[in-house]
Amino acid sequence: MSSITKIIIGFLSFFVIILAYVVEARYFNGYLNFASLLRTGALLGGLIGIGAGIYFWNQSDDDDTKFSLFATSLVLGVVLGPLLISITNRWLNTQDELIEFEVVDIYPVMKSAFGILKDEEFRADGHELTIENEEGQYQIEIGSDLSKYQIDDDSIFLKVKKGFWGYRYIAPVHEIKPEEREAAIS
Numbered sequence: 062m063s064s065i066t067k068i069i070i071g072f073l074s075f076f077v078i079i080l081a082y083v084v085e086a087r088y089f090n091g092y093l094n095f096a097s098l099l100r101t102g103a104l105l106g107g108l109i110g111i112g113a114g115i116y117f118w119n120q121s122d123d124d125d126t127k128f129s130l131f132a133t134s135l136v137l138g139v140v141l142g143p144l145l146i147s148i149t150n151r152w153l154n155t156q157d158e159l160i161e162f163e164v165v166d167i168y169p170v171m172k173s174a175f176g177i178l179k180d181e182e183f184r185a186d187g188h189e190l191t192i193e194n195e196e197g198q199y200q201i202e203i204g205s206d207l208s209k210y211q212i213d214d215d216s217i218f219l220k221v222k223k224g225f226w227g228y229r230y231i232a233p234v235h236e237i238k239p240e241e242r243e244a245a246i247s
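Letter 115 of the sequence shown, counting from 1, is numbered 176 in the working numbering, and no numbers are missing.
Take a look at the structure:
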């Protein structure tokens with residue numbers, strides 16, 4: 062394989078990884094324990110990267126190539142680990158349940174990269190919620206239309222999905238049926 066082909070494959074791979082993170086990033090704010098997912102993904106990816114690096118190390122004769130392949134395998138493992146853990150966690154989810162959380166704080170947010178332009182009023186693109194239950198306190202982001210959520214006094218009902226790897230995340234917004242809500246309360 063020529064070196065120009067390797068460079069093109071490298072650039073394309075880089076942009077595919079960036080695109081995959083951009084697509085997956087909208088789900089990151091819904092994880093109840095994203096820091097743990099990030100740590101586990103990076104650690105697991107790093108271990109797999111070390112294993113792949115050792116394999117490539119033994120396949121090559123040139124010392125520079127050995128180091129380059131080992132370092133690339135390690136970096137790719139650490140970078141791809143959290144992404145792959147998050148994708149497989151969501152795609153292979155096992156169960157979902159309606160859970161009541163106490164609303165500690167609701168804060169409207171504007172996600173525009175340009176901020177508020179001159180002569181423009183602030184309009185929230187979403188809401189950042191600080192919620193808690195007996196398991197802990199969480200900060201999540203939900204949509205701008207609060208009427209789609211069942212918010213009563215200081216509580217909110219959210220559909221929480223338990224993913225394949227055990228990381229729980231808030232399911233995308235949906236209409237909660239009254240019978241689901243009544244079942245969750247009792």
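C-beta: ideal position from N, C-alpha, C; glycine also.
Here the structure is a predicted model, which is why all the values come from computation and not from measurement.
CA-to-CA distance, residue j to residue i, given in whole angstroms
| i | j | result |
| --- | --- | --- |
| SER121 | GLN211 | 60 Å |
| PHE72 | LEU98 | 27 Å |
| ILE111 | VAL140 | 13 Å |
| LEU190 | VAL83 | 22 Å |
| THR66 | ASP206 | 48 Å |
| ILE192 | MET62 | 54 Å |
| TRP226 | ILE148 | 10 Å |
| TYR228 | ILE201 | 14 Å |
| PHE117 | LEU80 | 27 Å |
| SER64 | ASN119 | 22 Å |
| ILE69 | ASP123 | 23 Å |
| ASP166 | ASP186 | 17 Å |
| GLU158 | ALA232 | 10 Å |
| PHE75 | TYR92 | 25 Å |
| VAL221 | ALA132 | 38 Å |
| ILE109 | LYS127 | 17 Å |
| GLU181 | ASP125 | 57 Å |
| ILE78 | ILE115 | 23 Å |
Supposed close pair residue i, residue j - CB separation, criterion 8 Å
| i | j | result |
| --- | --- | --- |
| GLY107 | LEU130 | That pair is no contact at about 16 Å. |
| ARG100 | TYR230 | 16 Å between Cβ atoms; not a contact. |
| GLU163 | ASP215 | 6 Å |
| PRO143 | ALA103 | 6 Å |
| LYS223 | GLN156 | 5 Å |
Helix, strand or coil at residue i according to DSSP, with G and I counted as helix
| i | result |
| --- | --- |
| ASP166 | strand |
| THR101 | helix |
| ARG184 | coil |
| LYS209 | helix |
| LYS179 | coil |
| SER216 | strand |
| GLY112 | helix |
Residue from the options whose Cα sits closest to the Cα of residue i
| i | options | result |
| --- | --- | --- |
| ARG184 | GLU193, VAL170, ILE192 and GLU196 | VAL170 |
| ALA86 | GLU163, ILE109 and ILE146 | ILE146 |
| ILE217 | ALA81, LEU104, PHE128 and ILE203 | ILE203 |
| PHE89 | TYR199, LEU137 and LYS209 | TYR199 |
| PRO196 | GLU161, GLY187 and ASP186 | Strictly speaking, residue 196 in this sequence is Glu, with Pro absent from that position. The option with the nearest alpha carbon to GLU196 is GLU161. |
| LYS172 | PHE128, ASP157, HIS188 and GLU182 | HIS188 |
| LEU105 | LEU159, GLU158 and LEU137 | LEU137 |
| ASN194 | GLU182, PHE128, ILE78 and LEU219 | LEU219 |
Residue i burial status per 10 Å Cβ neighbour count (16 or more: buried)
| i | result |
| --- | --- |
| PHE95 | buried |
| TYR168 | exposed |
| LEU153 | exposed |
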